[in-house]
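Protein chains in written order, with my numbering: chain A, 1 to 311; chain B, 1 to 430; chain C, 1 to 308. These notes concern the structure reproduced below.
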Amino acid sequence: MSRIVALHLGLVALLLALNFLLPAYTHGNIARIMVLAVYAIGYNIAFGYTGLLSLGHAMFFAAGMYGTGLILRFSELSALPAWGVGLACGAGLALAVGLLALRTAGVAFMIVTLMFSQAVYLIILYFGAFTRGDEGFVIEAADRMIWGLDLGQPQVRYLAAWALFSVVLLISLRLVRRPAGRVFVAIRENELRARLLGYDTFRYKLLALVISGTISAASGGAYALLFGYAGASFATVQYSIFPLLWVLLGGAGTVLGPFLGTLFMFYLIDIASGLTEAYMLIAGLALIGLTLFAPQGIAGVIRARLWKDLP
Amino acid sequence: MTKSTDHPVSTSRRTALKTLGAVGAAATLPLWSRYAQAQTSEPIRIGFQKHATGIGAAYGRWYERTTDAAVAKINAEGGINGRMVELVTEDDGTDPKRGAEVLEKFANQSKCDVAFGTLYSHVVIGSAPRAAELKLPYFVVSEGHHVASGILNRWTVQPGITDVKSQVQAMAPFVSKTLGKKVTMIYPDFAFGYDHRDNFSAAMKAQGGEVLEMIAVPPTETSFTKYFPKIPRDTEVLYHVMVGPAVLTFVKELGEFFGPNRPELFGFIDSLEAVDMASPGLEFLEGTYFWEGMPRYLQPDTPDYVKTYRDAVGIDANGASVNDAKDVSTAAHMFGCWETLHVIKAGMEASGYVGPKDRQKLIEAVEAMSVMPAGLAHPQGGKLFNGKTHQVFGPQYISQVENGKLVVKHTAAITDTLYADEVDYTAQSF
Amino acid sequence: MEFGPYLMLAMLEGAVLAAVLALMASGLSLTFGVMRVVNVAHGEFYMLGAVIAWFVAHLVGGGAALSFVAAAIIAPLAVGVLAAAADITILKRIDYDPERTIVATIGLLYVIQQVTLMTYGPDARPVEPPFNSRIALPWIEWGEGGPSLYFPWGLSTTSYKLFVIGAAAVLILAIRLFMTRSRAGLIMRATQLDSDMATAFGIPVERVYAAVFGLGAALAALAGVLIVPIQQAHYLMGGDALLLSFIVVIIGGLGSMAGTIVAAVLIGMSDGIISVFFSPTLAKIIATLLVALVLVFRPQGLFGTRDR
Chain A
1 MSRIVALHLG LVALLLALNF LLPAYTHGNI ARIMVLAVYA IGYNIAFGYT
51 GLLSLGHAMF FAAGMYGTGL ILRFSELSAL PAWGVGLACG AGLALAVGLL
101 ALRTAGVAFM IVTLMFSQAV YLIILYFGAF TRGDEGFVIE AADRMIWGLD
151 LGQPQVRYLA AWALFSVVLL ISLRLVRRPA GRVFVAIREN ELRARLLGYD
201 TFRYKLLALV ISGTISAASG GAYALLFGYA GASFATVQYS IFPLLWVLLG
251 GAGTVLGPFL GTLFMFYLID IASGLTEAYM LIAGLALIGL TLFAPQGIAG
301 VIRARLWKDL P
Chain B
1 MTKSTDHPVS TSRRTALKTL GAVGAAATLP LWSRYAQAQT SEPIRIGFQK
51 HATGIGAAYG RWYERTTDAA VAKINAEGGI NGRMVELVTE DDGTDPKRGA
101 EVLEKFANQS KCDVAFGTLY SHVVIGSAPR AAELKLPYFV VSEGHHVASG
151 ILNRWTVQPG ITDVKSQVQA MAPFVSKTLG KKVTMIYPDF AFGYDHRDNF
201 SAAMKAQGGE VLEMIAVPPT ETSFTKYFPK IPRDTEVLYH VMVGPAVLTF
251 VKELGEFFGP NRPELFGFID SLEAVDMASP GLEFLEGTYF WEGMPRYLQP
301 DTPDYVKTYR DAVGIDANGA SVNDAKDVST AAHMFGCWET LHVIKAGMEA
351 SGYVGPKDRQ KLIEAVEAMS VMPAGLAHPQ GGKLFNGKTH QVFGPQYISQ
401 VENGKLVVKH TAAITDTLYA DEVDYTAQSF
Chain C
1 MEFGPYLMLA MLEGAVLAAV LALMASGLSL TFGVMRVVNV AHGEFYMLGA
51 VIAWFVAHLV GGGAALSFVA AAIIAPLAVG VLAAAADITI LKRIDYDPER
101 TIVATIGLLY VIQQVTLMTY GPDARPVEPP FNSRIALPWI EWGEGGPSLY
151 FPWGLSTTSY KLFVIGAAAV LILAIRLFMT RSRAGLIMRA TQLDSDMATA
201 FGIPVERVYA AVFGLGAALA ALAGVLIVPI QQAHYLMGGD ALLLSFIVVI
251 IGGLGSMAGT IVAAVLIGMS DGIISVFFSP TLAKIIATLL VALVLVFRPQ
301 GLFGTRDR
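Have a look at this one:
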């Protein structure tokens with residue numbers, strides 16, 4: 001087993017051990033951070049590895065959230081199949097958006113994804129009769145059960161979040177070390193060269209976007225199940241910006257970066273808001289400081305200074 | 001003392017001192033006993049979910065001022081069960097995700113006994129499931145119909161402010177008798193607006209009136225004139241309600257659209273909450289009518305307990321801050337914080353609340369409440385609490401703009417605001 | 001209201017939006033064109049313009065007209081200087097790297113918003129227009145005795161709204177002249193075409209960048225000053241404005257000033273007119289998808305040339 005695999009398995013094991021050690025508040029926070037880190041990992045595959053800067057990933061998160069939530073609200077399906085539907089919604093949406101948006105690149109790609117995401121947000125509002133619009137809806141406790149386990153219980157919630165996070169982290173680790181992942185990086189570094197080497201770059205970019213969208217939807221669906229709420233605020237532009245920030249802070253194009261960035265940002269706001277009401281000021285200054293002094297993000301700095309092979 | 005960035009510490013201290021002076025006479029315990037109590041027992045900790053940033057910030061600031069005043073008053077009177085009340089304020093960013101996180105912080109980190117104070121519906125709905133899981137009594141001050149509609153849970157109650165459904169239906173008799181039978185409605189295109197649309201049109205029909213046209217405006221809109229041509233010519237009454245930072249534009253453009261010949265206007269004060277009635281462009285509102293949750297302007301027949309309440313919160317005769325006449329309060333909603341804190345006090349005293357293990361008893365004690373007489377604890381008016389639906393019912397005020405001030409013309413009785421129960425939370429388990 | 005007057009009213013409203021949008025987007029287009037960076041804080045400069053206009057109106061006094069003129073001078077200057085300072089202290093140091101610029105300007109956005117919230121507060125506050133009279137507009141009706149004029153119910157605008165349209169047109173023309181006729185404009189265009197070559201010719205590219213960033217922000221602030229008598233100054237008003245100007249700049253074609261103007265008119269007018277035919281939320285969905293599809297099938301924008 002290589003050092004790299006050991007490192008990632010070590011994090012997974014550490015997070016499992018923390019389940020039994022953490023005080024209640026931190027325990028709940030880490031569970032939430034793991035769910036959101038899944039979103040960041042999904043985003044990182046498109047942005048960090050393939051170089052697709054999307055400003056619309058909230059639509060995939062929302063597809064998972066509403067796919068899962070609406071199925072539970074209007075059908076007899078139970079939590080796990082409903083979550084599966086959420087995943088399928090995310091994958092389907094990513095495929096459709098990708099087929100159109102990947103005809104563009106650069107800034108145009110940013111705007112096209114932003115627009116599609118905005119349309120998804122407006123569609124959620126438009127069908128308020130089903131989605132309850134901006135207010136959103138509560139997912140009943142009775143629907144939030146997997147194999148008889150209540151996802152609202154702190155232990156079950158933590159372990160479910162941990163399982164999802166671990167699986168997605170290891171998938172992402174495996175993906176970037178396989179040939180497909182290396183083609184993603186080649187496209188990010190120089191798409192023309194990748195094409196000259198004979199790769200169908202459009203297909204690879206589409207593949208990256210669909211994987212990314214599906215993982216984002218997995219996070220959205222899991223959020224709905226674990227925290228019992230689906231609402232349109234999760235489809236706003238802000239929630240497209242968040243994963244970009246997390247990934248950039250943690251280190252774009254690194255496997256651990258998304259988790260580190262999510263963790264850092266959560267505690268930055270949580271601790272700063274305890275000190276002052278002007279916590280957004282602190283968050284803003286921290287972002288500027290990071291771009292000035294640690295532009296590769298946390299994991300990026302580790303890679304540059306300490307560990308050259310960190311994936 | 002809670003942190004506040006909107007006004008310097010000296011002013012809040014002054015307000016607090018004034019509160020002490022105003023209500024000191026009413027204190028029931030002698031000074032030495034209050035001192036001893038404060039020395040010997042742990043404070044009761046109330047987590048205040050405040051909209052300090054985000055779209056709800058204008059409301060959040062006044063909710064905090066009212067809450068601070070109520071806590072100072074309760075403490076001056078000896079606290080709850082002889083224990084001082086300590087407020088733990090957290091910003092929820094007017095965001096449902098952060099709202100849920102803040103509840104976890106109250107329950108698990110700052111060890112609050114109860115959580116309180118949320119206004120925006122999506123934050124309430126996003127936070128309520130967590131309140132139930134944490135078994136944390138959650139007292140919302142939202143005026144949303146979400147509590148009484150049955151979509152929330154046994155741990156979430158709204159005992160300090162009436163819900164939009166009862167407010168809206170209580171307006172229909174006045175509108176149809178005094179203003180006209182043919183109504184056109186303009187409302188925001190989301191759940192809050194739909195509550196207005198559905199309940200008012202039904203209530204109007206029951207009164208023999210009709211709603212000619214229903215015009216929904218997206219919540220993100222910043223200019224409104226293009227929607228006004230949809231108002232039918234034969235409209236007798238235009239019913240308007242709008243929320244968000246663009247409300248003043250909405251009302252101004254309404255005036256510019258109609259010019260000299262307008263229909264009767266009936267609005268919900270939400271369209272102008274925290275907005276100075278003397279703002280440029282609002283002159284045309286003279287003579288129009290508004291719903292008010294509680295009168296903003298000091299009325300000639302205002303009872304003494306309302307004056308005491310207004311002094312404690314620090315608003316002048318025009319409903320603006322005593323420190324800044326331009327800083328207009330959210331008078332029609334913020335009283336809910338004051339009243340809710342008094343309900344929490346009454347509930348804790350009735351249930352002999354000692355610590356978190358008594359949270360269930362607290363909810364049961366609140367559910368057992370019924371009549372809440374008007375007075376300093378309930379300055380908005382006498383109320384009726386429905387323990388099954390966790391919702392309070394109370395009087396509603398209709399005011400007319402006279403010389404740029406809102407003058408109460410009609411008070412809808414509680415009986416006009418009642419509707420059939422939609423849920424029985426007491427049948428649910430804890 | 002009948003269809004004809006209704007459409008005219010919607011177009012008038014659209015024109016006001018288009019005018020303000022064109023001004024604001026010109027600023028964004030300028031910074032993007034010359035510096036190739038996306039300034040996410042552009043909407044906050046617009047908001048600052050509006051907020052400063054409120055402060056000026058309350059500190060200067062002397063009537064609405066005087067304070068409006070004062071605001072129109074002070075706000076762009078102050079915001080321009082602030083932006084130039086941000087350029088020198090932050091953007092220059094990260095070497096205008098596109099991704100890092102996005103994060104840094106998001107940070108700037110948070111800082112500006114929070115400082116505004118702490119000083120100005122969360123309220124939406126109005127500023128009195130320098131002049132504002134309601135102008136009822138006539139409409140032509142073909143009756144039995146030929147065409148005749150009448151004044152339909154509600155068909156009106158205000159003198160200030162007409163002024164905004166006129167002022168924006170004049171300002172945009174002035175920018176165009178500045179860019180094409182003045183020496184400073186020439187230097188900016190030279191830097192836009194090839195910054196390395198410009199350096200070789202002795203153009204102080206760094207100072208040009210700071211000036212361009214400041215000028216772009218000043219235009220946004222000016223748009224804020226113009227809009228605040230119609231809307232109100234609010235600390236969150238920058239978000240939607242940023243989104244719209246983004247769309248306008250991209251649809252118009254990156255770096256093409258003329259394209260930006262045409263796109264602003266298109267987007268502004270269509271916002272008004274589509275809402276005549278569809279329910280407003282549906283109208284916004286359609287407009288949003290249209291923008292996306294235009295870009296999909298013409299990624300260089302309507303007027304851009306395919307250069308990258």
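Idealized CB from N, CA, C, for every residue including glycine. Because the structure is a prediction, the values reported are computed rather than measured.
- Within chain C, 117 have C-beta atoms less than 7 angstroms from the C-beta of residue 53(B), given in sequence order.
- Contact with chain C is absent for residue 135(B), since none of that chain's Cβ atoms lies less than 9 angstroms from the residue's Cβ.
- DSSP places residue 345(B) outside any beta strand (DSSP E); the residue lies instead in the alpha helix (DSSP H), whose first and last residues are 331-351.
- With a threshold of 9 angstroms between beta carbons, residue 155(A) makes no contact with chain C.
- For residue 60(A), the enclosing alpha helix (DSSP H) begins and ends at 58-74.
- Sequence-ordered contacts of the segment 257-287 of chain C with chain B read 272, 275, 276, 279, 280, 281 and 284 [C-beta pairs closer than 8 angstroms].
- By the Cβ-count criterion, residue 293(A) is exposed, with fewer than 16 other Cβ atoms from all chains shown falling within 10 Å of its own Cβ.
- Bounds of the alpha helix (DSSP H) holding residue 45(C) are 42-60.
- Residues of the segment 235-253 of chain B with a Cβ closer than 9 angstroms to any Cβ of chain C, in chain order: 244, 245, 246, 247, 248, 249, 252 and 253.
- The beta-carbon distance between residue 332(B) and residue 296(B), rounded to whole angstroms, is 7 angstroms. This is short enough to meet the 8 angstroms contact definition.
- Per DSSP, the unbroken beta strand (DSSP E) holding residue 91(B) starts and ends at 85-91.
- The residue among 398(B), 163(B) and 280(B) with its C-alpha nearest the C-alpha of residue 131(C) is 280(B).
- Residue 88(A) holds the alpha-carbon nearest to the alpha-carbon of residue 65(A) among 299(A), 76(A), 88(A) and 54(A).
- Per DSSP, reduced to three states, the secondary structure at residue 126(A) is helical.
- Contacts between residue 256(B) and chain C, judged by CB atoms closer than 7 angstroms, involve 134, 156 and 158 in chain order.
- Identification of chain A residues near residue 91(B) by a Cβ-Cβ cut-off of 8 angstroms yields 273, 277 and 279, ordered along the chain.
- Interface annotation, residue 243(C): in contact with chain A, CB-CB separation under 9 angstroms.
- Residue 167(C) is a Cβ neighbour of residue 226(C), given a cutoff of 9 angstroms.
- In terms of Cβ geometry, residue 113(A) and residue 27(A) do not form a close pair [threshold 9 angstroms].
- Excluding residues up to 5 positions away in sequence, 141, 143 and 336 lie with their Cβ nearer than 6 angstroms to the Cβ of residue 161(B) in the same chain.
- For a cut-off of 8 angstroms, the C-beta gap from residue 271(B) to residue 241(B) is around 6 angstroms, short enough to register as a contact.
- Residue-level contact check: residue 199(B) does not touch chain A, since none of the beta carbons of chain A fall below 9 angstroms from its beta carbon.
- Between the alpha carbons of residue 42(C) and residue 22(A) lies a gap of roughly 42 angstroms.
- Of the other Cβ atoms in all chains shown, 16 or more fall within 10 Å of the Cβ of residue 282(B); this residue is therefore buried.
- For residue 201(C), the closest alpha carbon among the candidates 69(C), 272(C) and 186(C) is that of 186(C).
- Think of a sphere of 7 angstroms around the beta carbon of residue 66(B): no beta carbon from chain C falls inside it, the nearest being about 16 angstroms out.
- Contact between residue 245(C) and residue 24(C) holds, with the beta-carbon distance rounding to 5 angstroms and staying under 8 angstroms.
- In the structure shown, the three-state DSSP call for residue 95(C) is coil.
- When 8 angstroms is used as the limit between beta carbons, residue 49(B) is near no residue of chain A, the shortest such separation being about 12 angstroms.
- Closest by C-alpha distance to residue 216(C), out of 2(C), 18(C) and 40(C), is 40(C).
- By the Cβ neighbour-count rule, residue 58(C) is exposed, with fewer than 16 other Cβ atoms within 10 Å of its own.
- In the structure shown, residue 278(C) adopts coil according to DSSP, grouped into three states.
- Distance from the CA atom of residue 75(A) to the CA atom of residue 224(A), rounded to whole angstroms, is 16 angstroms.
- Counting the other CB atoms within 10 Å of its CB gives residue 47(C) a total of 16 or more, which places it among the buried residues.
- Taking 9 angstroms as the cut-off, the beta carbon of residue 104(A) is found no closer than this to the beta carbon of residue 82(A).
- Contact with chain C is found for residue 228(B), since one of that chain's Cβ atoms lies less than 9 angstroms from the residue's Cβ.
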